[in-house]
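Worksheet: one structure, shown below.
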Amino acid sequence: RTTLRGDQVIVVSNREPYIHEKGPDGVIVKRPASGLVTAVEPVMRACSGTWIAHGSGSADHDVVDSNDRVMVPPGHDEYVLRRLWLTPEEEQGFYYGFSNEGLWPLCHVAHVRPVFREADWNRYREVNQRFADAVVAEAVVEDPVVLVQDYHFALLPAMIRKKLPRATILTFWHIPWPNPESFGICPWRREILEGMLGSTILGFHTRFHCKNFIETVDRYLEARIEHEHSTISFHDDDTLVESYPISIEWPSDREVATWAPVDVCRRNVRERFGYGPDHYIAVGVDRFDYTKGILERLHAVERLLEKHPKWVGRFSFIQVAAPSRSSLEEYRSFQDRIQQVTERINKRFGSEGYLPVHLLAEHHEHAALIELYRAAEICVVTSLHDGMNLVCKEFVAARDDELGVLILSRFAGAAREMPEALIVNPYHVEECADALEQGLAMPAAEQRERMASLRASVREFNVYRWAGRMLADGGRSRLRDRIQARL
Ligand code: GDG
Numbered sequence: 119r120t121t122l123r124g125d126q127v128i129v130v131s132n133r134e135p136y137i138h139e140k141g142p143d144g145v146i147v148k149r150p151a152s153g154l155v156t157a158v159e160p161v162m163r164a165c166s167g168t169w170i171a172h173g174s175g176s177a178d179h180d181v182v183d184s185n186d187r188v189m190v191p192p193g194h195d196e197y198v199l200r201r202l203w204l205t206p207e208e209e210q211g212f213y214y215g216f217s218n219e220g221l222w223p224l225c226h227v228a229h230v231r232p233v234f235r236e237a238d239w240n241r242y243r244e245v246n247q248r249f250a251d252a253v254v255a256e257a258v259v260e261d262p263v264v265l266v267q268d269y270h271f272a273l274l275p276a277m278i279r280k281k282l283p284r285a286t287i288l289t290f291w292h293i294p295w296p297n298p299e300s301f302g303i304c305p306w307r308r309e310i311l312e313g314m315l316g317s318t319i320l321g322f323h324t325r326f327h328c329k330n331f332i333e334t335v336d337r338y339l340e341a342r343i344e345h346e347h348s349t350i351s352f353h354d355d356d357t358l359v360e361s362y363p364i365s366i367e368w369p370s371d372r373e374v375a376t377w378a379p380v381d382v383c384r385r386n387v388r389e390r391f392g393y394g395p396d397h398y399i400a401v402g403v404d405r406f407d408y409t410k411g412i413l414e415r416l417h418a419v420e421r422l423l424e425k426h427p428k429w430v431g432r433f434s435f436i437q438v439a440a441p442s443r444s445s446l447e448e449y450r451s452f453q454d455r456i457q458q459v460t461e462r463i464n465k466r467f468g469s470e471g472y473l474p475v476h477l478l479a480e481h482h483e484h485a486a487l488i489e490l491y492r493a494a495e496i497c498v499v500t501s502l503h504d505g506m507n508l509v510c511k512e513f514v515a516a517r518d519d520e521l522g523v524l525i526l527s528r529f530a531g532a533a534r535e536m537p538e539a540l541i542v543n544p545y546h547v548e549e550c551a552d553a554l555e556q557g558l559a560m561p562a563a564e565q566r567e568r569m570a571s572l573r574a575s576v577r578e579f580n581v582y583r584w585a586g587r588m589l590a591d592g593g594r595s596r597l598r599d600r601i602q603a604r605l
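Our numbering numbers the first residue of the sequence shown as 119 and each following residue consecutively.
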């Protein structure tokens with residue numbers, strides 16, 4: 119808040135932070151399952167301003183204001199949510215097509231082949247332009263601070279820069295950036311890089327992603343790169359490329375006071391699934407997405423039961439898989455595959471009143487996730503590739519009893535900050551099964567030692583640190599511009 123001192127802040131993201139739906143007794147407000155929203159929302163609440171997003175979840179325009187603007191959070195009215203309504207064709211080409219069948223697999227090494235269609239690309243460009251126009255329309259000063267979120271808006275920074283040359287554009291790319299060879303297969307690589315270089319600052323989760331981006335620019339554009347300061351000069355504009363590891367809002371004492379005690383959570387969850395107090399539970403929480411390593415996790419559970427039959431009947435794995443992008447064939451067939459493998463494992467090792475795997479393929483309330491985190495012996499995060507991953511941080515934040523074991527993929531950005539977890543290669547089934555066994559057998563003292571250290575680090579490097587560092591760097595750049603203008 120202090121960094122911005124009255125500056126106008128505009129956030130742009132595809133996903134809206136609140137979904138307004140018509141229920142039987144009026145409008146219901148929901149929170150979407152999204153790492154980006156989890157991270158950016160607390161920042162926006164702190165500095166007000168305007169958040170521009172696609173009104174995807176709020177299916178009926180008429181449930182919100184006719185001028186497409188609502189104050190949120192409901193009942194607190196801290197900032198403006200301005201929605202853009204995309205036509206079905208725009209949503210198909212921009213969101214499902216180019217963003218999620220092109221850029222998403224292009225940037226994640228998950229061995230899913232990206233699909234590039236000319237028509238999708240055209241929609242992507244047009245929708246980026248619509249959002250750029252909305253930013254310009256919302257701007258009440260000529261130098262607003264615009265926070266551009268994610269791979270849906272690679273072209274937006276240069277489009278905004280054209281209309282608002284004095285804007286401070288802070289772009290954050292929430293997913294990994296691949297090496298130049300991998301990125302180079304994109305037919306529109308030049309346009310995407312040029313679009314992104316409209317940013318004042320371009321943020322990634324890790325230094326490694328920054329390095330990949332700089333090497334990609336070096337390979338495909340005529341730009342001046344200053345490695346020492348991590349800046350790229352292109353068409354007389356400078357872009358600072360910097361790493362800002364994202365995080366969560368550390369729960370306040372007030373929030374923690376609303377949580378049921380750990381033993382109550384443990385009992386509730388076990389009772390709900392029909393198990394006794396000594397039943398062991400591991401939990402996974404993800405959008406139902408092929409990058410999250412859900413299949414590999416199931417194989418690890420199966421291998422554990424095969425190798426260590428003592429766990430059969432005594433241990434279950436609960437996977438929350440919030441539906442995501444289900445209109446894409448790649449996602450539907452992945453989701454079917456997971457259903458089938460779950461059934462196969464349950465047939466193989468299950469018995470009357472016992473299932474080794476519980477697949478909960480539906481969206482859950484935040485409170486239900488907290489209860490699961492607090493009830494489990496283990497939280498499993500086995501992404502094949504992940505920009506950061508917030509679930510592992512949420513698990514740690516939920517465990518004020520300092521117990522519980524985190525199993526974490528080495529291919530998630532978070533692995534670099536959380537070495538106290540059991541770090542695994544999700545492709546290595548044997549290693550993951552062994553980590554499960556190690557987690558189930560881990561003495562309480564060792565759990566405490568690891569968990570206390572993880573908690574201290576997530577508490578300190580929380581989402582305000584992420585946003586604060588990026589905004590402070592933006593503030594410094596504004597100051598330099600002002601000084602320069604006086605010379
Ligand atoms: C992208 C990057 C990066 C999940 N199911 C439900 C639910 N969730 C919430 C989790 C968590 C969030 O969704 C998922 O965050 P992740 O970070 O794991 O993943 P992505 O959505 O892929 O996010 C990622 C992130 O951006 C931030 O930069 O970390 O690498 O891929 O908060 O709790 N929330 C609710 N119900 C569910 O069923 N309420």
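The beta carbon of each residue, even a glycine, is placed where N, CA and C say it ideally should be.
Only a predicted model underlies this, so the values are computations on that prediction, with no experimental measurement involved.
Option in the options with minimal Cα separation from residue i
i	options	result
H345	Y338, N330, L554	N330
I456	H229, V227, R415	R415
L273	G394, R284, W239	W239
P561	I496, M506, Q602	I496
R235	M569, I310, G215	G215
G411	V374, L502, P232, V245	L502
L204	G173, I278, F529, G141	G173
P427	L282, E555, V259, Y242	E555
A563	V523, W169, V581	V523
E548	E424, T318, T376	E424
L315	D504, R604, F271	F271
E567	Y582, G531, R517	R517
A257	A559, P283, I128, S445	I128
G531	F322, Q126, P298, T168	F322
G468	V581, D454, F433	F433
Range of the contiguous alpha helix (DSSP H) that encloses residue i
i	result
V254	236–256
F452	447–467
S575	562–578
H345	Per DSSP, H345 belongs to no alpha helix (DSSP H) and is neither H nor E.
P223	222–225
V419	412–425
Boundaries of the beta strand (DSSP E) in which residue i is found, first to last residue
i	result
I525	523–527
Q602	From DSSP, Q602 is part of no beta strand (DSSP E) but of the alpha helix (DSSP H) over 581–604.
E340	No beta strand (DSSP E) holds E340; DSSP gives it neither H nor E.
Q437	433–440
S351	349–352
Length of the line joining the Cα atoms of residue i and residue j
i	j	result
G392	G431	12 Å
I399	H476	10 Å
A157	R133	12 Å
G220	W306	11 Å
M536	A574	11 Å
G193	D251	29 Å
P262	L597	14 Å
E373	E333	44 Å
L320	L358	6 Å
V230	Y449	11 Å
T460	V387	20 Å
H481	E312	37 Å
W368	A585	14 Å
C550	N543	7 Å
P131	M189	Contrary to the premise, residue 131 reads as Ser rather than Pro in this sequence. Cα-Cα distance, rounded: 17 Å.
L508	V499	10 Å
A341	F352	5 Å
P514	F326	The sequence as given places Val at residue 514; Pro does not occur at that position. V514 and F326: Cα-Cα distance of roughly 25 Å.
H484	L490	10 Å
E207	R243	13 Å
V576	I366	8 Å
A237	D519	53 Å
C510	E538	12 Å
V686	D268	Since the displayed the chain opens at 119 and closes at 605, residue 686 lies outside it and no answer follows.
L605	I170	36 Å
H138	E209	18 Å
V245	W291	18 Å
**OP:** Just list the alpha helix (DSSP H) runs in the region 128–210, keeping only unbroken ones of 4 residues or longer that don't cross its boundaries, in chain order.
**Re:** 153–165
**OP:** At 4 residues or longer, and completely inside the region 472–559: list those alpha helix (DSSP H) runs for me, N to C.
**Re:** DSSP runs (the alpha helix (DSSP H)) wholly in the region 472–559: 484–493, 509–516, 547–559.
**OP:** Pair every Cβ in the region 427–443 with every Cβ in the region 403–410, then say whether three or more of these pairs are closer than 8 Å.
**Re:** yes
**OP:** Give a yes or no on contact between the region 155–164 and the region 591–599, applying the rule of three or more CB pairs nearer than 8 Å.
**Re:** no
Original post:
Which ranges does the beta strand (DSSP E) cover as unbroken runs of at least 3 residues, wholly within the region 244–321, from first to last along the chain?
Top reply: 263–267, 286–290
**OP:** Could you name each continuous alpha helix (DSSP H) segment of 4 residues or more that falls completely within the region 360–403, going from the start of the chain to the end?
**Re:** 371–376, 380–390
**OP:** Answer yes if the region 419–427 comes into contact with the region 461–479, meaning at least three C-beta pairs across the two stretches below 8 Å, and no otherwise.
**Re:** yes
Subject >> At least 3 beta-carbon pairs within less than 8 Å: the region 144–158 vs the region 245–259 >> reply: no
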